[in-house]
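Everything below concerns the one structure shown next.
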Amino acid sequence: MSIKNCKLGRNVKIPHPDLVNLYGCEIGSGSFIGPFVEITRGVIIGKNCRIQSHSFICGGVIIGNDVFIGHGVMFTNDKHPKANNKNWIMEKTIIGNDSSIGSNSTILPVRIGKNVLIGAGTVVTKDIPDNTIIYNNLEKREKPHG
Amino acid sequence: MSIKNCKLGRNVKIPHPDLVNLYGCEIGSGSFIGPFVEITRGVIIGKNCRIQSHSFICGGVIIGNDVFIGHGVMFTNDKHPKANNKNWIMEKTIIGNDSSIGSNSTILPVRIGKNVLIGAGTVVTKDIPDNTIIYNNLEKREKPHG
Amino acid sequence: MSIKNCKLGRNVKIPHPDLVNLYGCEIGSGSFIGPFVEITRGVIIGKNCRIQSHSFICGGVIIGNDVFIGHGVMFTNDKHPKANNKNWIMEKTIIGNDSSIGSNSTILPVRIGKNVLIGAGTVVTKDIPDNTIIYNNLEKREKPHG
Chain A
417 MSIKNCKLGR NVKIPHPDLV NLYGCEIGSG SFIGPFVEIT RGVIIGKNCR IQSHSFICGG
477 VIIGNDVFIG HGVMFTNDKH PKANNKNWIM EKTIIGNDSS IGSNSTILPV RIGKNVLIGA
537 GTVVTKDIPD NTIIYNNLEK REKPHG
Chain B
417 MSIKNCKLGR NVKIPHPDLV NLYGCEIGSG SFIGPFVEIT RGVIIGKNCR IQSHSFICGG
477 VIIGNDVFIG HGVMFTNDKH PKANNKNWIM EKTIIGNDSS IGSNSTILPV RIGKNVLIGA
537 GTVVTKDIPD NTIIYNNLEK REKPHG
Chain C
417 MSIKNCKLGR NVKIPHPDLV NLYGCEIGSG SFIGPFVEIT RGVIIGKNCR IQSHSFICGG
477 VIIGNDVFIG HGVMFTNDKH PKANNKNWIM EKTIIGNDSS IGSNSTILPV RIGKNVLIGA
537 GTVVTKDIPD NTIIYNNLEK REKPHG
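Residue numbers (our numbering), protein chains in the order written: chain A, 417 to 562; chain B, 417 to 562; chain C, 417 to 562.
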């Protein structure tokens, strides 16, 4: 089991603690963490979120409440990664309440608003305003509340 | 080991049973399941398939015989995922015999025909007819049989 | 633990040996291998590289020194994969020194030069010359050395 130095709220569900790597993060009550997930130091995840299998959430990411992170979603915090960079500065990503990130999406350091739906397989390179749907970077339209 | 309530055919090969999460699914004889794979309740996989590492196959997916699922392929069964949705209806995906899905592809709920080749990194959002090659959503041409 | 028949240099760091699948590969001194990584027979990785979580590196891939492989990067060695192909010929990928491959990228069999930066979420289908930046396949410009 590799869950180290994490602050877990009440009723956080991690069905396969032997198949995750979580350290130094904070996960709100009622949230779910699937297998093959890595969440690293400094991440804050709100209440009642679902973090699906195969996702990676890095330091600098703050996730609100009731957020869905699909399978195989990769977050980033460095637009110019190098194998050996001593002067690296961590960039931030914020996701608002009630948003959903589709599976296999890639999230560059951006701000994603509330009640946003990112379609599966999207590469998100820009900030996304509240109440927006993005499907495959092709369509973008108003999303109804709720 | 996390293989629960699965119906496995003869000679199903799972070289790393401690590194998979399989439950409630059916896998045909002679098929191969790589490490870091999750396959969930209700999935049916045919005979002599290869499910490569890091792939996720969700309920609602039915896969024929002799199908290749590359590494890091993510299936989906919900076009409007939410962290907490009590009225969710599962959408289906069907893949015909002899088809291949390239690595890191994302499969929305669609019907993929027989003898189809989906190039690596493709986001599949529409049904794909038999005997079709799709490369990076850019090219689409007839594929010879066999 | 699943690290078999590998040639590991001095000070190779594998913090979660129980969460990787490495076999028949060669990893240079000072390199780092994250969790949920699979590296297969014949892969050669140079010195002081970082191979981040959830990545898959297949036979036929040769990686230089000081290379960054992001999270969820999938390499390939067969442009026409089949579940059961007895006449399969492995294609090669070479990555030069000091290059970085962004997270969730998909690498078809190509030659990637030295000091290249591939943006996160890119599908790389063609050779990439030295000192190049590619972001989402949209922008391509000269990258300064170092």
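Just so it is clear, CB atoms sit at the ideal spot from N, CA and C, and this is done for glycine as well.
Source: prediction; values computed, not measured.
Counting only C-beta atoms, is residue i closer than 8 Å to chain C at any point?
i                 : result
Glu442 of chain A : no
Lys542 of chain A : no
Val539 of chain A : yes
Asn531 of chain B : no
Ser418 of chain A : yes
Asn421 of chain A : no
If you drop the 5 nearest sequence neighbours on each side, which residues of the same chain put their C-beta closer than 6 Å to that of residue i?
i                 : result
Pro451 of chain B : His432, Leu435, Ser469
Ile443 of chain A : Leu424, Val428, Ile461
Gly518 of chain A : Gly486, Ile534, Gly535, Ala536
Gly512 of chain C : Gly480, Gly529, Lys530
Met490 of chain A : Phe472, Thr522
Ile455 of chain A : Leu438, Cys441, Ile473
Tyr551 of chain A : Gly535
Gly458 of chain B : Gly475
Val539 of chain A : Thr522
Thr422 of chain B : According to the sequence shown, residue 422 of chain B is Cys rather than Thr. So the list reads Leu438, Cys441, once near-sequence residues are dropped.
Lys463 of chain C : Gly444, Ser445, Gly446, Asn481
Ser569 of chain B : Only positions 417 to 562 of chain B appear in the structure, and residue 569 of chain B is not among them; the question remains open.
Phe448 of chain B : Lys429, Arg466
Taking buried to mean at least 16 other C-beta atoms within 10 Å of its own C-beta, is residue i buried or exposed?
i                 : result
Lys420 of chain A : exposed
Ser445 of chain B : exposed
Asp543 of chain A : exposed
Asn501 of chain B : exposed
Pro545 of chain C : exposed
Arg466 of chain B : buried
Leu554 of chain A : Because Leu554 of chain A carries a pLDDT of 45, less than 50, the predicted location of this residue cannot be relied on, and no value is offered for it.
I'd like to know if residue i contacts chain B, where contact means its C-beta is closer than 8 Å to some C-beta of that chain.
i                 : result
Pro431 of chain C : no
Gly486 of chain A : yes
Ile550 of chain A : no
Asn500 of chain C : yes
Can you check whether the C-beta of residue i is within less than 8 Å of a C-beta belonging to chain A?
i                 : result
Arg466 of chain C : yes
Glu507 of chain B : no
Pro525 of chain B : no
Asn493 of chain B : no
Any heavy atom of the ligand SAM within a distance shorter than 7 Å of the CB on residue i?
i                 : result
Leu424 of chain C : You won't find the ligand SAM in this model; it holds no ligand whatsoever.
Would you please verify whether the beta carbon of residue i is less than 8 Å from any beta carbon of chain F?
i                 : result
Asn520 of chain C : Within the model displayed, chain F is absent; protein chains A, B and C are what it includes.
Can you give me the Cβ contacts of residue i inside the same chain, cut-off strictly under 7 Å, excluding the 5 residues immediately before and after it?
i                 : result
Arg557 of chain C : Annotation note: pLDDT 48 at Arg557 of chain C (below 50); position unreliable, coordinate value reported separately. Ile549.
Trp504 of chain C : Asp494
Gly488 of chain C : His470, Ser471, Ser519, Asn520
In its own chain, which residues sit with a C-beta less than 8 Å from the C-beta of residue i, not counting the 5 before and 5 after it?
i                 : result
Asp514 of chain A : Gly480, Asn481, Asp482, Val483, Lys530, Asn531
Thr541 of chain C : Leu524, Val526
Lys498 of chain B : Trp504
### Task
Entirely within the segment 444-509 of chain C and at least 3 residues each: give me those beta strand (DSSP E) ranges in chain order.
453-455, 477-479
### Task
Would you check if there are 3 or more beta carbon pairs closer than 8 Å linking the segment 479-489 of chain A to the segment 474-481 of chain C?
No, they do not touch.
### Task
Would you list, in sequence order, the uninterrupted alpha helix (DSSP H) runs of no fewer than 4 residues that lie entirely inside the segment 502-549 of chain B?
Listed in chain order, the alpha helix (DSSP H) elements of length 4 or more contained wholly in the segment 502-549 of chain B amount to none.
### Task
Flag this pair as touching only if the segment 501-511 of chain A and the segment 521-528 of chain A have three or more C-beta atom pairs under 8 Å; answer yes or no.
yes
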